[in-house]
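Chemist: The working numbering puts the first residue of the first sequence at 345, with every later residue one more than the last.
All residues carry an ideal CB built from backbone N, CA and C; glycine is no exception.
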Amino acid sequence: MTNGIVNVNASLETQFASLGINGTNSAYVPPHLRNAQRAASSPSPTNGSGWNDPRASPRGGFEPLRGSHTDKSRGGAFGHNAFSSPREPVSTNDWAGRPSTNGWTPREHRTDGPRESSGLGAWRNGAHVVGPRNPRLETELFGDLTDPSKQHTGINFEKYDDIPVEATGAGVPEPVNAFANPPLDPVLLENITFAHYTTPTPVQKYSIPIVAANRDLMACAQTGSGKTGGFLFPILSAAFTSGPRAPPAETPHMGYSRPRKAYPTTLILAPTRELVSQIHEEARKFAYRSWVRPAVVYGGADINQQLRLIDRGCDLLSATPGRLVDLIERGRISLANIRYLVLDEADRMLDMGFEPQIRRIVQGEDMPGVQDRQTLMFSATFPRDIQMLARDFLKDYIFLSVGRVGSTSENITQKIEYVEDLDKRSVLLDLLASEAAGGLTLVFVETKRMADMLSEFLMANNLPATSIHGDRSQREREMALQTFRTGRTPILVATAVAARGLDIPNVTHVINYDLPSDIDDYVHRIGRTGRAGNTGVSTAFFNRGNKNIVRDLMELLREANQEIPQWLDAVVHETTFGGSFRGRGRGGAGAGGRGRGGNRDYRQSSGPHGGGAHSAYGGRGGSNYGGPAYGGYGVGGGGTNSYGNGGSSWW
DNA sequence: AAAAAAT
């Protein structure tokens, strides 16, 4: 047992605190505000008027920001913004005929404490006025080298050069090889430098010029490939350079009760609250000192607080679908001004039944049509339903296929242990006892119930554990994530909610206490470790209940040059020749099959769009990874040969 | 089969 007893106690306290047991409940603070509140007087970057109306700026809504001295001399952290300055009430109506904001002072503007630079930029007289630097905000956004929980994991760039990328479609632009101007805006480049990013990842090399060329994009890429930057960089860059777009004229409306409506120009949809929150944090980084105000909305958190933040600026909005629909219904958000639409983890969103809401948001509200916006879709896989979505949401898109990250990189050592269900607990205890101190261990289970039971079991055994799953309150979820990140509870028991997308530094061990039945889930889960060039270990408990994943798992282990236990070979053999043949329903995918629909540009085989394939990967042609051509996914849509249940098999 | 997500 290498974890000190002190640590254990601290974590138990935390655990109780998160359950509200010791009565120290404080007001709910959403994750994107925590740091801001901790640094009591540091203004949130979503402060400021942020309303992206160019008409407002020339009227004096913004003051130029040339440097911190200028800013300070203007009198206060928000002196640049006459709109919101308590000292300079403005009587003019702001845009869209809203009642004057005269006298209205947002709370944070009153409590700003010491005067310092806001870190907020503005758009004024057709030019981007870069905000002054704010050291405190910089530490918050870009990390403090002494605090590992705040450091961005960064990306293991060397490894990334090995990842094959293929871009297909008409007129694929040349990939870029560096963060440079052009095509990226200098302000963005500065933020990229602050974030210690040095080289674009393969996704970014392609997505940056593609988006800069105003093209739509369908990218098959998994989390960890740098795709968040892949869409944020080019979108923010274009925003910085071209400035805000005037929101559509609204019918003037008298009366004071009329709520403000936000007109974001970029909308990013993602499946889970934590993921949306994480994207927002990235957006805050890269929007630093610019005129762009990122905002975030998701369920489970106080809607009024989110509304207040939206009021202070909502140019780039990250959202989960449900809460967004809610806000649209309340008339607080309009999509009429959308220029960029991003669907992240699109396959996941469909899995989770979001399709009706997504279609409503994209097609049933006031969002500009497919020709009048730029749409980027990201998905780990490209099954039929995603192809349909792509067909409906994208125009003449470029298809980008990025190889697996988690599995192909060999910095994750994957172990498979044969453990019967009844033995799992004790094996887990042994495993945790032999854990090196300092690292974080993520334990995946299949059910919420199991997550609760297991974390309680671990705590009962004096292990600093907590859990995250969809039946816990949002507050508890965020608390769990926070105590995990900071190492106060270095063991996190999680359901699928944490499998994808979450970027948690210092996860040294991923344990698949229960194996998922889907190999892509497995890849995502183990991908929580071995990031940032660190090595990671993953251990999976396998028993006869996991036969459904065994073939794909074998294939994956081989692909990643991992040791394969002999007994596993035997299981594969048994399931292949012993039991009933498991039809794979994938058009005869052989070794090399990518499962789950693969990630090929299906248009190539039959569509009229075909264009030259572009491969970033010298040695290999396009066909070396990705699924085989799968017959059932034709463009015409006649075949119902979807993957998954072709074979009716449960052993 | 389970999980996730608006209240």
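For the candidate residues Ala557, Phe885, Arg617, whose alpha-carbon lies nearest to that of Leu766?
Modeler: If you number the first sequence from 1, residue 766 lands on position 422. When each option's Cα is compared against that of Leu766, the closest is Phe885.
Chemist: Any heavy atom of the ligand ATP closer than 7 Å to the Cβ of Ala522?
Modeler: Annotation note on the ligand ATP: not contained in the displayed structure, which lists no ligands.
Chemist: For the beta strand (DSSP E) holding Arg468, just list the boundary residues, first then last.
Modeler: For the purposes of this step, residue 468 is identified with residue 124 of the first sequence, where counting begins at 1. Its beta strand (DSSP E) spans residues 466–468.
Chemist: Closest to Leu1007 by CA distance: which of Arg692, Arg652, Ile654, Gln758 is it?
Modeler: The question about residue 1007 has no answer here: the residues shown for the chain are numbered 345 through 995.
Chemist: Taking the alpha-carbon of Gln818 as reference, which of Met898, Val641, Ala781, Arg704 has the nearest alpha-carbon?
Modeler: Here residue 818 refers to the residue found at position 474 of the first sequence. The option with the nearest alpha carbon to Gln818 is Val641.
Chemist: Is it true that the stretch 531–542 meets the stretch 556–567, where meeting means three or more beta-carbon pairs spaced less than 8 Å apart?
Modeler: Flag = no, the stretch 531–542 and the stretch 556–567 do not touch.
Chemist: With three or more C-beta pairs closer than 8 Å as the rule, is the stretch 903–915 touching the stretch 765–785?
Modeler: Too few Cβ pairs lie closer than 8 Å, so no.
Chemist: Which residue comes first and which comes last in the beta strand (DSSP E) that contains Pro860?
Modeler: In the first sequence, residue 860 corresponds to position 516, counting from 1. Element bounds for Pro860: n/a, residue is neither H nor E.
Chemist: Quick check on this structure: which residue in Ala514, Ile702, Arg637, Asp695 has the alpha carbon closest to the alpha carbon of Asp670?
Modeler: As a first step, residue 670 must be located in the first sequence, where it is residue number 326. Of the listed residues, the one whose Cα sits closest to Asp670 is Ile702.
Chemist: Taking Cβ positions, are Phe698 and Val714 nearer each other than 8 Å?
Modeler: Locating residue 698 in the first sequence gives position 354, counting from the first residue. Locating residue 714 in the first sequence gives position 370, counting from the first residue. No, Cβ-Cβ distance for Phe698 and Val714 is not below 8 Å.
Chemist: Taking the CB atoms as reference points, tell me whether Ala842 and Ile812 lie closer together than 8 Å.
Modeler: For the purposes of this step, residue 842 is identified with residue 498 of the first sequence, where counting begins at 1. For the purposes of this step, residue 812 is identified with residue 468 of the first sequence, where counting begins at 1. Taking 8 Å as the Cβ cut-off, Ala842 and Ile812 qualify as a contacting pair.
Chemist: Measuring straight from C-alpha to C-alpha, what distance separates Asp1001 and Pro592?
Modeler: Residue 1001 lies beyond the range of the chain shown here (345 to 995); nothing can be said about it.
Chemist: What are the boundary residues of the beta strand (DSSP E) that includes Ser634?
Modeler: Here residue 634 is taken as the residue at index 290 of the first sequence, counted from 1. First-last for Ser634: undefined, no H or E at that position.
Chemist: I need the DSSP call for Ser662, collapsed to helix, strand or coil.
Modeler: Looking up residue 662 in the first sequence gives position 318. Strand.
Chemist: Please confirm if the stretch 538–555 is in contact with the stretch 568–575, defined as three or more CB-CB distances below 8 Å between the two stretches.
Modeler: Cβ pair count under 8 Å is three or more, so yes.
Chemist: Are the stretch 827–835 and the stretch 716–729 in contact at 8 Å, needing three or more beta carbon pairs?
Modeler: They do not touch, by the three-pair rule.
Chemist: Tell me which same chain residues have a C-beta within less than 6 Å of the C-beta of Lys759, skipping the five on either side of it?
Modeler: Counting from 1 along the first sequence, the entry for residue 759 is found at position 415. Excluding residues within five positions, the ones whose Cβ falls inside 6 Å are Thr883.
Chemist: Buried or exposed: which applies to Ser924, given that a residue is buried once 16 or more other Cβ atoms fall within 10 Å of its Cβ?
Modeler: Taking the first residue of the first sequence as 1, we reach residue 924 at position 580. Because Ser924 sits at a pLDDT of 44, beneath the cut-off of 50, its placement in the model cannot be relied upon, and the following sentence gives the value as read from the coordinates. When all chains shown are included, Ser924 counts as exposed.
Chemist: Grab me the residues of Ile682's own chain with a C-beta within less than 8 Å of its C-beta, minus the 5 sequence neighbours each way, in chain order.
Modeler: Taking the first sequence and counting its residues from 1, the one referred to as residue 682 is at position 338. The residues are Pro608, Thr609, Thr610, Leu611, Met711, Pro712, Arg717.
Chemist: When we look at the beta-carbon of Lys629 and count the other beta-carbons within 10 Å, is it buried (16 or more) or exposed?
Modeler: Stepping through the first sequence from its first residue, residue 629 is reached at position 285. The residue is buried, with at least 16 neighbouring Cβ atoms inside 10 Å.
Chemist: Using beta-carbon positions only, say whether Leu651 and Arg676 come within less than 8 Å of one another.
Modeler: Along the first sequence, one-based indexing puts residue 651 at 307. Along the first sequence, one-based indexing puts residue 676 at 332. A contact, by the Cβ cut-off of 8 Å.
Chemist: Buried or exposed: where does Gly515 fall if 16 or more other Cβ atoms within 10 Å of its Cβ makes it buried?
Modeler: Within the first sequence, the letter at position 171 stands for residue 515. Gly515 comes out exposed.
Chemist: On the DSSP bridge assignment, give the partners of Tyr642 in chain order.
Modeler: Start at 1 with the first residue of the first sequence, and residue 642 comes out as number 298. None; Tyr642 has no bridge partner.
Chemist: Please name the residue, chosen from Asp858, Gln910, Pro519, that lies closest to Ile893 on a Cα-to-Cα basis.
Modeler: Residue mapping note: residue 893 aligns to position 549 of the first sequence, counting from 1. Cα-wise, what sits closest to Ile893 is Asp858.
Chemist: Do Val746 and Ile507 have their CB atoms nearer than 8 Å?
Modeler: Here residue 746 is taken as the residue at index 402 of the first sequence, counted from 1. Here residue 507 is taken as the residue at index 163 of the first sequence, counted from 1. Yes. Within cutoff.
Chemist: Are the beta-carbon atoms belonging to Thr585 and Asp529 less than 8 Å from one another?
Modeler: Residue mapping note: residue 585 aligns to position 241 of the first sequence, counting from 1. Residue mapping note: residue 529 aligns to position 185 of the first sequence, counting from 1. In this structure, Asp529 lies closer than 8 Å to Thr585 by Cβ.
Chemist: Ignore the nearest five residues each way along the sequence and tell me which others in Gly465's own chain have a CB closer than 7 Å to its CB.
Modeler: Residue mapping note: residue 465 aligns to position 121 of the first sequence, counting from 1. So the qualifying residues of the chain are Leu409, His472, Val473, Val474, Gly475, Arg633, Ser634, Trp635.
Chemist: Going straight from the alpha carbon of Ala645 to that of Arg667, what length do you get?
Modeler: By one-based count along the first sequence, residue 645 stands at place 301. By one-based count along the first sequence, residue 667 stands at place 323. In a straight line, the C-alpha of Ala645 is about 10 Å away from that of Arg667.
Chemist: For Thr543 versus Ala556, is the C-beta distance shorter than 8 Å?
Modeler: Within the first sequence, numbered from 1, the residue matching residue 543 stands at position 199. Within the first sequence, numbered from 1, the residue matching residue 556 stands at position 212. Cβ distance not < 8 Å, so Thr543 and Ala556 don't count as in contact.
Chemist: Do you know how far the Cα of Lys768 is from the Cα of Ile672?
Modeler: Residue 672 sits at position 328 when you count from the first residue of the first sequence. Residue 768 sits at position 424 when you count from the first residue of the first sequence. So the two alpha carbons sit approximately 47 Å from each other.
Chemist: To the nearest whole angstrom, what separates the beta carbons of Thr810 and Ala824, a pair I think is in contact under 8 Å?
Modeler: For the purposes of this step, residue 810 is taken as the residue at position 466 of the first sequence. For the purposes of this step, residue 824 is taken as the residue at position 480 of the first sequence. Yes, Thr810 and Ala824 are in contact; Cβ-Cβ is about 4 Å, under 8 Å.
Chemist: What three-state label does DSSP hand Leu775 in the structure shown?
Modeler: Locating residue 775 in the first sequence gives position 431, where the first residue counts as 1. Three-state DSSP puts Leu775 in a helix.
Chemist: Closest to Asp864 by C-alpha separation, out of Ala724, Arg888, Cys564, Val787, would be which residue?
Modeler: Your numbering for residue 864 matches position 520 in the first sequence. The residue with the shortest Cα to Cα distance from Asp864 is Ala724.
Chemist: Cβ atoms of Arg869 and Val854: under 8 Å apart, would you say?
Modeler: Start at 1 with the first residue of the first sequence, and residue 854 comes out as number 510. Start at 1 with the first residue of the first sequence, and residue 869 comes out as number 525. Yes, Cβ-Cβ distance for Val854 and Arg869 is below 8 Å.
Chemist: What is the DSSP secondary structure of His540, counted as helix, strand or coil?
Modeler: In the first sequence, counting from the first residue as 1, residue 540 sits at position 196. Coil at His540, not helix or strand.
Chemist: Determine whether the beta carbon atoms of Cys564 and Leu798 lie at a separation below 8 Å.
Modeler: Stepping through the first sequence from its first residue, residue 564 is reached at position 220. Stepping through the first sequence from its first residue, residue 798 is reached at position 454. Their beta carbons are not under 8 Å apart, which means Cys564 does not touch Leu798 by this criterion.
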